[in-house]
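A quick write-up on the structure given underneath.
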Amino acid sequence: MEASKKNLCFFAILTYVGFYIALGLCLLIVAFGVPMESMSNYAPLVISWVSLVVLMIWAKRLLKDSSRKEFLKGLFAEKLRIKWILISIIIPSLIFAITVIVLGTVNHKSIGELINQDYASYPLLFILQLLMGPTAEEPGWRGYFFTEVSAKKGILKGSVITGLVWGFWHTPLWLMEGLSPLSLIVYAVSFIGAVIGISIIMGYIFGKHRNLIYCTIIHLLFNFLNALLIIDNNQNSLIFALVIYAVLYLLTAGIMIFINRSKSASTACL
Numbered sequence: 021m022e023a024s025k026k027n028l029c030f031f032a033i034l035t036y037v038g039f040y041i042a043l044g045l046c047l048l049i050v051a052f053g054v055p056m057e058s059m060s061n062y063a064p065l066v067i068s069w070v071s072l073v074v075l076m077i078w079a080k081r082l083l084k085d086s087s088r089k090e091f092l093k094g095l096f097a098e099k100l101r102i103k104w105i106l107i108s109i110i111i112p113s114l115i116f117a118i119t120v121i122v123l124g125t126v127n128h129k130s131i132g133e134l135i136n137q138d139y140a141s142y143p144l145l146f147i148l149q150l151l152m153g154p155t156a157e158e159p160g161w162r163g164y165f166f167t168e169v170s171a172k173k174g175i176l177k178g179s180v181i182t183g184l185v186w187g188f189w190h191t192p193l194w195l196m197e198g199l200s201p202l203s204l205i206v207y208a209v210s211f212i213g214a215v216i217g218i219s220i221i222m223g224y225i226f227g228k229h230r231n232l233i234y235c236t237i238i239h240l241l242f243n244f245l246n247a248l249l250i251i252d253n254n255q256n257s258l259i260f261a262l263v264i265y266a267v268l269y270l271l272t273a274g275i276m277i278f279i280n281r282s283k284s285a286s287t288a289c290l
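Numbering (the numbering used here), first residue to last: 21 to 290.
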């Protein structure tokens, strides 16, 4: 096995192990009397930093000849472009809007009934979501793992592989949803589908425009907007929402693949 493959496996395994350890510690704290509701709000904040912590601790092995500072600086190498900032904002926002409309239509509810109306909570929620997935996960999964895989497999395959490994990393959280076996299967498949779609979208943007801010925006808006969605304490509603996300993100990813292949074909003909 090549050194780079060994390092990728090393990173993935340690990140998975770190996830379970962090989750176990959080559950242990709950066992000592901290309310589960309070811990569920802050546990993801701790757990999501596992991938970056692993990357920084074992930087000498994983980053080869690059220092930690050089690696982090390289994640933002290309100057930001307004066009791609807007695209990064529009994609998750539009998908969220369509999801809300579909949910409202099917469940015969108004948009107001499906979105959290406690506007005063938005700033804190936004900050928490920023400090969780986007800031914590993107340097490790997109900046390191995807970059290494895509260098050998190409952007599309690299995005799919990253999406699978990154997606299954969330497995313990699926089990905490309390779903029935059949519902859990549908939930897992939909979750992985949505994650692969997001991974392809971010992979093409980051692979061609080397600035992690774009991925951070997409990841942040997906998490933040999803946190505003009010889902009944009903397994079917939760799963249906995730199915919609999966379909829309995979469809968007397909459009992005088509556009990039069309551009590549046009360039080759010149």
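Glycine residues also receive a C-beta, built at the ideal position from the N, C-alpha and C atoms.
Keep in mind the model is a prediction, meaning the values are calculated, not measured.
Residue 219 places its beta carbon less than 7 Å from that of residue 182. Your pair residue 125 and residue 71 does not check out as a contact, with CB atoms roughly 38 Å apart and the cut at 8 Å. Per DSSP, residue 162 lies in no alpha helix (DSSP H) segment and is marked neither H nor E. The secondary-structure analysis by DSSP pairs residue 135 across a beta bridge with 249.
The Cβ atoms of residue 160 and residue 170 do not sit closer than 7 Å to each other. A buried status is given to residue 123, since no fewer than 16 other beta-carbon atoms sit within 10 Å of its beta-carbon. In terms of Cα proximity to residue 138, the closest of 106, 247 and 51 is 247. Cβ atoms of residue 232 and residue 75 stay farther apart than 8 Å, at about 13 Å. Along the length of the segment 84-111, whole alpha helix (DSSP H) runs at least 4 residues long occupy 88-94, reported in chain order. Between the segment 254-271 and the segment 202-213 there are three or more C-beta pairs closer than 8 Å, enough to call the two in contact. Counting along the chain, no alpha helix (DSSP H) covers residue 155, and no H or E run does either. Note on geometry: alpha-carbon atoms of residue 215 and residue 235 lie some 13 Å from one another.
Here residue 44 is exposed, its C-beta having fewer than 16 other C-beta atoms within 10 Å.
Note on geometry: alpha-carbon atoms of residue 217 and residue 50 lie some 34 Å from one another. Less than 7 Å divides the Cβ of residue 270 from the Cβ of residue 213.
In this structure residue 115 is in contact with residue 268, their Cβ atoms being roughly 5 Å apart against a cut-off of 8 Å. Residue range 79-82 is occupied by the alpha helix (DSSP H) that includes residue 81.
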